[in-house]
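In the order they appear, the protein sequences are chains A, B, C and D. Heads up: the first sequence begins at 1 in this note's numbering, then just goes up one per residue. Heads up: the second sequence begins at 520 in this note's numbering, then just goes up one per residue. Heads up: the third sequence begins at 1004 in this note's numbering, then just goes up one per residue. Heads up: the fourth sequence begins at 1315 in this note's numbering, then just goes up one per residue.
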Amino acid sequence: MTAFQRLRFGAAWGLCLAAALITSPDANAAPAAKPDDRALTIVARWELKNADPSVNGYAFTRMEVAETLVDADGNGTPKPGLAEGWEASADGLTWRFRLRTGVTFHDGTTMTADHVVTALNHARAKPGSLSKAPIQAITADKGAVVIRLAEPFSPLLSFLADSASQILAPASYDDKGNVTHVIGTGPYRVAEFKPPQHLVVTRHDSYWGGPASIAKATYLATHRSETRTVMVESGDAQIVFNLDPASVQRLSRNPKLSVQAVPIPRVISVKINAGHPLLSDLRARQALSLAIDRTGIAVGILRQPETAATQLFPPSLGAWHDSGLPPLTQNVERAKALLAEMGWKPGSNGVLEKDGKRLRLTLRTYPDRPELPPVATALADQWRAIGVDVSIAIGHFSDILSGHQDGSLELGLIARSLAVAPDPLGTLMQDFGPKGGDWGAMNWSNPALTEAIDRILRSQQAEESAAAKRAVGAILHQELPTIPVVWYTQTAAVSKTLKGFEIDPFERSYLLSRLRWVE
Amino acid sequence: MTVLIEADGLAVDGLDSIVRPTALRVRAGVPFTILGETGSGKSLLAQAIAGTLPDGLAARGRVRINGRDVLGLSHADKRRHLWGRAIAILPQEPWLALDPTARAASQVWEGFTRILNLPRRAAGAATEQALRSLGLDDAARKLPGQLSGGMAQRVAFVAARAGGAPIVIADEPTKGLDATRRDDAVDLLKTGMGTTGGLLVISHDIAVPKRLGGEVAIMLKGRIIESGPVDQVLSNPRHDYTRRLLAADPAAWPEQPTAPVGDRLIEVEGLAKSRGGRTLFRDLSFTLHRGEIIGVVGPSGCGKSSLGDLLLGVIAPDGGTIRRNSSWPALRFQKVWQDPPAAFAPQLTLRTALGDLVRRHGLAWDRVPPLMDRLGLSTALLDRPPGGISGGELQRFSLLRTLLLDPVFLFADEPTSRLDLITQQEIVGLMRGVARETGCGLLLVSHDHALINRVADRVIAIGPQSDLVSPQLPSSNIASSAAS
Amino acid sequence: MIRPILHRVAQALLVALMVGVLTFALMRSLPGDMAWRVAAGRYGYDITDAAVMEQVRQSLALDQPAALALLSWFGDLLRLDLGVSLISELPVVDEIAHQLGASVTLALTALLLSVLLGPPLGVLAGLRPGGGLDRALFALSITLRALPQFVIGLLLIYGLAIVFGLLPASGHGEAGHVVLPALTLAIGLAAVSCRVARDATVAVTTSGYYRFGETKGLRPLDNFLRHGLRNIAVPIVTYLGVQLVYLIEGVVVVETLFAWPGIGHALVHAILARDVPMIQGTALVMGLMFVLLNAGVDVMCGALDPRRRTS
Amino acid sequence: MIRLSRGQWAGVALLLLLALFALGVPQVVPGDPTRQSLSNALLPPGGPFLFGTDPFGRDMLLRLAAAVRLSLGIALLTTALAGVIGVALGVLAGACGGWVDRALCGVADTLLALPGLLLVLLLVAIAPGRFWPLYLGVSLVLWVEYFRMTRAAALRIAASPAVEASRLLGFGPFYRFRRHYWPELAPITLTVGAFGSATSVMSVAALGFVNVGVRPPTPELGQMMIELMPYYNEAPLILAQPILVVVLLVLALNLIAGGKTQ
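This is how it looks when you write it as structure tokens:
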């Protein structure tokens, strides 16, 4: 290189630097397009994996790409979806679903009963609610879909509303029945699907319910809550879900944003190994429950006083919540007395001892839900106040499941959705059945509870069902196979440039088609 | 004759006055050498004239170059303007002064384009010609790392003079060169000067002014104690120091009687050694006796040091045998190194280092003071680290520590090449004395034929082309073919 | 020129071997049952239970002996087949191909920004050692080096994105999105490279040849351009090779922070989800990226420094 | 033996101050750094708690002191472990040369082929929340640096006339290590050690950031930052504390390393 060339190089280098400094802000300049064409960005924590409905179906129903036969309202009550209506036979074994007409898939195909049957059969073959229903056959019959059951099963409608049971066009599946492209019927169609972070959807103009207002939306999965908060604060995203508690207060003071919080049927509870020698005694479980300062945790960590759990079922679960139950409260003295009654005596460092053994337990939890580790920390501290030495192991959530299977789990702090399908019954059957459940009771069962659940399953009458539901609640409240700590609220921060935003308590949909830009 | 450089009352001030007010004149066509030992201030004087004094030092007095007062120049840039145009400043160590990442030709070429402002093509031609005139055609495309010392020296010379400066200031241009290359370098300078140029050379080596001729100034402790035409000053010195300096030149040393032969110490037969695929020597056979001094000469890199290390058993021969007299343990075969500071652990005071040695071998410390006395070392030096005393003193210490072990064989590897002339004479004298008095066999390696000539009983000359030259020649009979 | 290439090829093979054996051994010895992790990674916490896990276990053929699994992985690697992700059931190659682009964009932008920021400032400081700029830069550099990457990132986000609203904080797809994460990496890199540049400048300007250039009569600018620049650049570029480690490691942290859908992000997730083929694939690609970038540095060094070409 | 510059002294002073803080606070202020009091959450500094409290009402003063103890402890242990191994093998390789050197260099090169964080991440994943993978992983990364620097110096020293002289004068290998190698290696060890400690402090904090580091409620600086990060607006002074402490720690170590770059 000659000196001249070098000089030129130097000049170029200076220019580059200047250019980098000057031009980079432009990249963020507000889009100059018409308001109608503005794209919406939604950020939440769940990463995208693949197009399989049993794996990622929720993402496509939330973004309103795919729909289910049965929909659910804000209380979890079934309502017509792609099915206009349905009838059950008197014995409750045959269900007939009448399909909505004029529904087209995004590839232009018109939806037929055969398509629906195919989609449902694919769903049954995969993990998910439908695989757990006692279904004998699904058939098409004169434009309707007929499902035959082996035994009466009241939560069927709710299971059909599960996102894993979404109805996709035949072209969505490959030879092996795996979904390669999500071709649904919803108001939005997939424009771009790039796991693990991106899902871009555009308006489906011939949607049976009429076209949506917002033309384009992007779902962006962002793992860290700090990053999500920052994105809505900086205006990079318009809607952000799963705010961490500390950010809720800060964001609510932000004049450009509104923060919404809606109680959802998810509860943070302590899963207990009732077969563990230290925990098999009901008094031990009661003592642990009495030691918990639920209000303190709700205020101090979740920053929402109303989320302190007074029983397992949150008020949002209507029929299941029993306001007559005595609320779970903190009573440290009573807790200590119960433990003393069992023969535990204070030892060194205030930790209780019996027969030379210290009252020491491990609480497993996982960071996928950002609230869990802080709640675990608070619990450990509160339990130490009654002389129980609890150490915390933060790991992967499957450690709790495998701990359940191999019996090594002592305590687990979990955030359990009571309504994967809108009706919690399915979850309860799974969690508190005679053999316990991975996410529920461990080494604990109660025949009365099993019987009550069975009654609900078979019941065709609302009153009988309601009484049985109260019985279920009472037993769980009394026996404490899991100790409820706080209920969940779904939080979201929304830019004030949007109107019509609502949180679906069952987290089935982001209700995009109801949104519009503020003029 | 034109006076090119004219200095009057030129002094350099640092923390204390380093160069006292000095006057000198450099005339066209007459080389001028400043001769002095390390620390005499000779380099500073040259730097003061050239305007290259390091930061923190200031020159005062008056310097005229081509009749122009340069010290008084208002702006440093104007001073700089003389560089390359009026004066060419030749660097001390040319291999360090050439840009290691630029090819030789380009380092010359830039003088023609940037200083003489020749167009590219003309500069290229000028470069080619300048290099060819010094036989450097091959060097043009080479990087400094690929040049030999002599070639680097010539490239630096051409590069320094490319700007066309008539006056050359050369600071120690022969440092680190063996005798032949030294003479080449001096000749180069002299030829380059021609009849109209000026030449100011700084040197510690008497051989330089001898070969250059012209004028010489002897410098001692910051002042010129004597100056004048070379013939006059060197043949008829007036100052006592000059006389000592001249006497210290090995060529002027008195002839010494050869020693009577003692017991056989080391017998070498058919010795061969090669390094990096190149044969250093082969079929080398000789015997070293107690009290005998064998000199080894040859150009640098010829394997002189390897020979000594072979005798010590530090490295193994490729062929032939070395039989050491088994009456003495290996510990009594010792070595003295070329660079005294490198041969001592830098962090230890000499007292600790010697104390360790005394303890290691269960000797008595009592033996140290008399030896120090004999080597002319003051006890005050003991508490200093090796870096805190002069090279000559340190070399005496390295002699001392070997003497503590009563050596029967001493390998002295260029023991005085980094020392001033007078110190050299003293050290060599001591070694010789030790050999004669204790009956220690001495293998003395040096690039200085004259020195070996005066000291050694017998000489081994090792040359690069001739794999082996003249074993066991009488000292008067050094093979001159050993030059490169 | 042959030796460095051979050296890099050997290094690449070493990376493949190490990644293969290490990740395999480690993942096999990880606590907990792999099928659990895979099921969890695939279906999430609301659906995963023992039944789902059992289904996954059967589909994965996890009972295969470890040695056999490792061998088959190497065999597949020779055919450039990295297997199928256990979580998404998509080919690892496809996933990485998508993520690699994002990571390379990020890494190269960061490298470019750091080269624009660090060395020029360092050279300026080095031209006047002990001067105001030198001391200020020293303080800045040592402070920045004391800040963990994620703190730099968060400070930048809060500063540039939230308070001033200059740049998008997070996301991917538009050109502006790369600036903050790249800047986060670049600041860390520049904090070090400016010191390297400064030291190199001091070393060069006090060197014999630089001095000789001056006394030869070259004007200061000529001397700097002809003898300074190249010699200063050599250690800086060489040091880039050292910094690549920091870059690759930084990619892991910064991608997580900025939700950048790159390979570092994928690696962390794969480790948490125990997706062995993905871990091996991503670790391998990251290792190879490291080797490749190093080879790039070699080439640049060779271009800059003729000594490398001749020796 | 090691002459420190002014900057290095400043680093040593700062480090001593931090160590004094870490060790002194528990002596002066009684209490437990993991003790929660949700009613005292996020109190500002200067009130009943000198440094304020975190969202769990834990005393920041005690937590910081404990976190510094932990960070310094890990740093000290890992650098010491890596230092002993690295210097010993470095001298061995440099002084012996030959196949010993080639073998050890091969091991080091192999480790260098992969970015260190990857190694630490994988190791930490084996036993989440435990300390030993942290120690092992960080040491495994650090010793290579010691090894390379020590080996380079040892090669040079081994070839020096001083060492040859020592051998000829009848001194053994231990003497040579003590008098020749160590005095020159000590400053290098100090520099590498200070850098290594800084790296260790940073790595542990970074692992806390990706939730694979030390398990809560043990106070750890990186984790404290992440816990407090959401409160940046509400309690900036609380959040600033762990950040400042990390910066001071690493700054002190970098200063001791002499502001060098490598």
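Just so you know, even glycine gets a beta-carbon here, dropped at the ideal spot from N, CA and C. What you are looking at is a predicted structure, and each value in this text was computed from that prediction instead of being measured.
- No Cβ of chain C is located within less than 9 Å of the beta carbon of A/Y510.
- Spatial neighbours of A/S391 in its own chain (CB-CB distance under 6 Å, excluding positions within 5 residues in sequence) are listed in chain order as T362.
- Here A/Q330 is near A/R294, since their CB atoms are less than 9 Å apart.
- Taking 7 Å as the Cβ-Cβ cut-off, the stretch 1496-1530 of chain D approaches chain C at M1516, A1519, A1520, F1523, V1524, given in chain order.
- The beta-carbon of D/G1484 is placed less than 9 Å from the nearest beta-carbon of chain B.
- For C/F1215, the nearest beta carbon of chain D is not closer than 9 Å to its own beta carbon.
- At a cut-off of 9 Å between C-beta atoms, B/P610 counts as an interface residue with respect to chain C.
- In summary, B/Q672 is buried, with 16 or more beta-carbon neighbours lying within 10 Å of its beta-carbon over all protein chains present.
- For B/V687, DSSP records a beta bridge to B/A607, B/L718.
- Within 9 Å of the CB of D/A1473, no CB atom of chain B is found; the nearest one sits about 10 Å away.
- Taking a Cβ-Cβ cut-off of 8 Å, the neighbours of D/A1427 in chain C comprise Q1014, L1017, V1018, M1021, G1290, F1293, V1294, given in sequence order.
- Along the stretch 292-314 of chain A, going in chain order, the ones with a CB nearer than 8 Å to a CB of chain D are D293, G296, I297, V299, G300, I301.
- Listed along the chain, the chain C residues whose CB falls inside 8 Å of the CB of B/I634 are K1219, G1220, L1221.
- Comparing C-alpha distances from B/S562 to each of B/R680, B/A689, B/G827 shows the shortest one belongs to B/A689.
- Here B/P865 really is in contact with B/P904; their C-beta atoms are around 7 Å apart, less than 8 Å.
- The CB of C/R1310 comes closer than 7 Å to the CB of P619, T620, L662, G664 in chain B, given here in chain order.
- Sequence-ordered contacts of the stretch 235-247 of chain A with chain D read D244, A246, S247 [C-beta pairs closer than 7 Å].
- Around C/Y1242, no beta-carbon contact reaches into chain B at under 7 Å, the shortest distance being about 16 Å.
- Residue-level contact check: B/V833 touches chain D, since one or more beta carbons of chain D fall below 9 Å from its beta carbon.
- Cα atoms of A/V420 and C/Y1046: separation of roughly 12 Å, rounded to the nearest angstrom.
- The beta-bridge partner set that DSSP reports for A/G412 consists of A/K271, A/R364.
- In this chain, A/A39 is not harboured by any alpha helix (DSSP H); it is covered by the beta strand (DSSP E) spanning 39-44.
- The beta carbon of A/D281 sits closer than 7 Å to the beta carbons of M342 from its chain, once the five residues preceding and following it are set aside; these are given in chain order.
- For the 9 Å CB-CB criterion, A/H181 and A/A171 form a contact.
- For D/T1513, the CB contacts under 7 Å within the same chain, skipping 5 residues up- and downstream, are L1456 in chain order.
- Between A/H477 and A/L312 a beta carbon distance of about 7 Å is seen, short of the 8 Å cut, so the two are scored as contacting.
- C/V1237 has a beta carbon lying within less than 9 Å of a beta carbon in chain B.
- Under the three-pair Cβ rule at 8 Å, the stretch 428-448 of chain A does not count as touching the stretch 1086-1098 of chain C.
- When only Cα atoms are considered, D/Y1489 and B/D939 end up about 33 Å apart.
- For B/K854, the nearest CB of chain D lies under 9 Å from its own CB, placing it at the interface with that chain.
- According to DSSP, B/A530 shares a beta bridge with B/R579.
- A Cβ-Cβ separation of about 6 Å places A/V486 in contact with A/A308 under the 8 Å criterion.
- A/T365 counts as buried, since no fewer than 16 other beta carbons sit within 10 angstroms of its beta carbon.
- Straight through space, the alpha carbons of D/S1385 and D/A1333 are spaced by roughly 11 Å.
- For the C-beta of A/G128, the chain C residues within less than 7 Å are, from N- to C-terminus, I1050.
- Neighbours of D/R1493 in chain B, taken as residues at a C-beta separation under 9 Å, are given in chain order as A864, Q866, L867, T871, A872, D875.
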